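Engineer: What follows is a structure written as structure tokens; I'll ask about it next.
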Amino acid sequence: MSRRPLTVGIIANPASGRDVRRLTANAGLFSSTDKVSVIQRLLAAFGATGIEQVLMPTDMIGMAAAVLKNSHSRQARSSHWPALEFLDLTLRQTVEDTRRAARLMAEREVALIAVLGGDGTHKAVAAEVGDIPLLTLSTGTNNAFPELREATSAGLAGGLYASGRIPAQIGLRRNKRLLVCDAGRGLREVALVDVAVSPLRFVGARAISRAQDLAEVFVTFAEPQSIGLSALCGLWFPVSRQAPGGAWMRLDPQSPEALLVPLAPGLLQGCGVLAAGPLESGIAHSLSLSSGTLALDGEREIEFNVHDRPTVTLDAGGPLSIDVNAVLAYAAQQRLLAIGREHPQHPLNLQEDTPGE
705 MSRRPLTVGI IANPASGRDV RRLTANAGLF SSTDKVSVIQ RLLAAFGATG IEQVLMPTDM
765 IGMAAAVLKN SHSRQARSSH WPALEFLDLT LRQTVEDTRR AARLMAEREV ALIAVLGGDG
825 THKAVAAEVG DIPLLTLSTG TNNAFPELRE ATSAGLAGGL YASGRIPAQI GLRRNKRLLV
885 CDAGRGLREV ALVDVAVSPL RFVGARAISR AQDLAEVFVT FAEPQSIGLS ALCGLWFPVS
945 RQAPGGAWMR LDPQSPEALL VPLAPGLLQG CGVLAAGPLE SGIAHSLSLS SGTLALDGER
1005 EIEFNVHDRP TVTLDAGGPL SIDVNAVLAY AAQQRLLAIG REHPQHPLNL QEDTPGE
């Protein structure tokens, strides 16, 4: 029986970095040309680390077409890009395109999926792929879950792990998540970073950009340098990605204590703070409001009223992701990227030993 090629997936959200917050704040635009450049840097790194095939979805703004065209260039040949296969999808230009692509890649048992997008894109992929690791790349607006890093370095880390050079206990990180549940409605939704409770009655334009539209925030982690709703806890009650717990904060515009928070790039708001504290795993928390909307990872998705009973629970069983820093540190320690003079373009193909030997 022939060996299956070593395969990874790449999912780039065509709409990420182009939402309404470009109008309400001063967020930059992440163009399709920028995303094509990121994909090509990933392909060069994947090729250098022994990845043989990459699956990608098609799209309606020309990203896949540009990558395919450039795959025949001299640069692609000299960088030994992996073979490209484009998934046959019926495109709807909604999040279902991302979910469908992720399901097809999971069915093909890819070694990992590189995701280009914001928190919402990563959440959509994670919901479909089980324990297939994600290589997270930030191309959205308020990006907390995907860390901002150069695609070449991220691609090297992903390729090293996918090609079997990195032990899972070093290369993978299990992330936390928030479960939003309401048994009476059969509701069970997931957020990777934050759940915000808003008095706004309707989903509307989804994004929250005003301090007075926030009553409560739950977070899996909150870093002081974050942008978005998780920055509330990050600047008042920070908690790391690696910590077992999360955090919560209750807000009121009339509170005597206020915090200046970057709710979006260039958008700074004063938020009244009532209370904050740790969020323990496995404990369901009721909401402070009887009606309103819930924003999951920055966008309002769920409406609730006095008859509903939604709860928010921190859960330790979130998606796996590639720990880029840990992988590259291990690669340096083990000299995994050392090359022989006779094959400078194929560093890993020269090494048949196991890591650490």
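My numbering applies: residue 705 is where the sequence shown begins, and numbers increase by one.
Even glycine gets a Cβ: it sits at the ideal position worked out from N, Cα and C.
Here the structure is a predicted model, which is why all the values come from computation and not from measurement.
(1) Could you compute how far the alpha carbon of I987 sits from the alpha carbon of R905?
(2) Under 8 Å Cβ to Cβ from M767, same chain only, skipping five residues before and after it: list those, please.
(3) Identify which residue in G888, D835 and G862 has its Cα closest to the Cα of V758.
(4) State the Cα-Cα distance for the pair I870 and E851, rounded to the nearest angstrom.
(5) Excluding sequence positions up to five away, which residues of its chain have a Cβ less than 7 Å from the Cβ of A780?
(6) Does the beta-carbon of G868 have 16 or more other beta-carbons within 10 angstroms, so that it is buried, or is it exposed?
(7) Comparing alpha-carbon positions, which option in R707, A748, I765 and I817 lies nearest S720?
(8) What's the call for N879, buried or exposed, on a 16-neighbour Cβ count within 10 Å?
(9) Is it buried or exposed for P948, if we count other Cβ within 10 angstroms and need 16 for buried?
(10) Is it buried or exposed for E961, if we count other Cβ within 10 angstroms and need 16 for buried?
(11) What are the start and end residues of the alpha helix (DSSP H) that includes I874?
(12) Can you check DSSP and say which residues form a bridge with M809?
(13) Let's test the definition: count the other Cβ atoms within 10 Å of the Cβ of H826 and tell me whether it reaches 16, buried, or not, exposed.
(14) Could you tell me the alpha carbon to alpha carbon distance between G1021 and V901, rounded to whole angstroms?
(15) Could you check whether the region 1029-1045 touches the region 836-847, counting it as contact only if at least three pairs of C-beta atoms, one from each stretch, sit closer than 8 Å?
(16) For the structure I just gave you, are there three or more beta carbon pairs, one from the region 874-889 and one from the region 1009-1029, closer than 8 Å?
(17) If you reduce the DSSP assignment to three classes, tell me which class E920 lands in.
(18) P837 and L793 - do their beta-carbons sit closer together than 8 Å?
(19) May I ask you to report which of helix, strand or coil DSSP gives A716?
(20) Which residue's Cα is closest to the Cα of L795: A787, L788 and R804?
(21) Apart from the five residues just before and just after I817, which ones in its own chain have a Cβ nearer than 8 Å to its Cβ?
(22) Among the candidates A935, G888, Q873 and R778, whose CA atom is the shortest distance from the CA of P1015?
(23) Within the region 793-849, note down every full beta strand (DSSP E) run reaching 3 residues or more, in order along the chain.
(24) Taking its Cβ as the centre, do 16 or more other Cβ atoms sit within 10 Å of E920, making it buried, or is it exposed?
(25) Starting from the C-beta of G950, find all residues in its chain whose C-beta is less than 7 Å away, skip the five residues before and the five after it, and write them out in chain order.
Structural biologist: This is what the structure holds:
(1) Distance between the alpha carbons of I987 and R905: 26 Å.
(2) A716, P718, S736, K739, V740 and I743
(3) G862
(4) 20 Å
(5) N774
(6) In summary, G868 is exposed, with fewer than 16 beta-carbon neighbours lying within 10 Å of its beta-carbon over all protein chains present.
(7) Nearest in C-alpha terms to S720, of all of R707, A748, I765 and I817, is I765.
(8) Around the beta carbon of N879, 16 or more other beta carbons lie within 10 angstroms, which makes this residue buried.
(9) exposed
(10) exposed
(11) A872 to G875
(12) DSSP output for M809 lists no bridge partner at all.
(13) By the neighbour-count rule (16 or more Cβ atoms within 10 Å), H826 is buried.
(14) 23 Å
(15) no
(16) yes
(17) strand
(18) Result no, Cβ atoms of L793 and P837 do not sit closer than 8 Å.
(19) Strand at A716.
(20) The shortest Cα separation from L795 among A787, L788 and R804 belongs to R804.
(21) V712, G713, I714, I715, A806, M809, V829, V833, I836, P837, L838 and L839
(22) Note on residue identity: the sequence assigns Thr, not Pro, to residue 1015. For the residues A935, G888, Q873 and R778, the minimum Cα distance to T1015 belongs to G888.
(23) 817-821 and 838-842
(24) So E920 counts as buried.
(25) K880, F922, V923, T924, F925, V943, L983 and L1018
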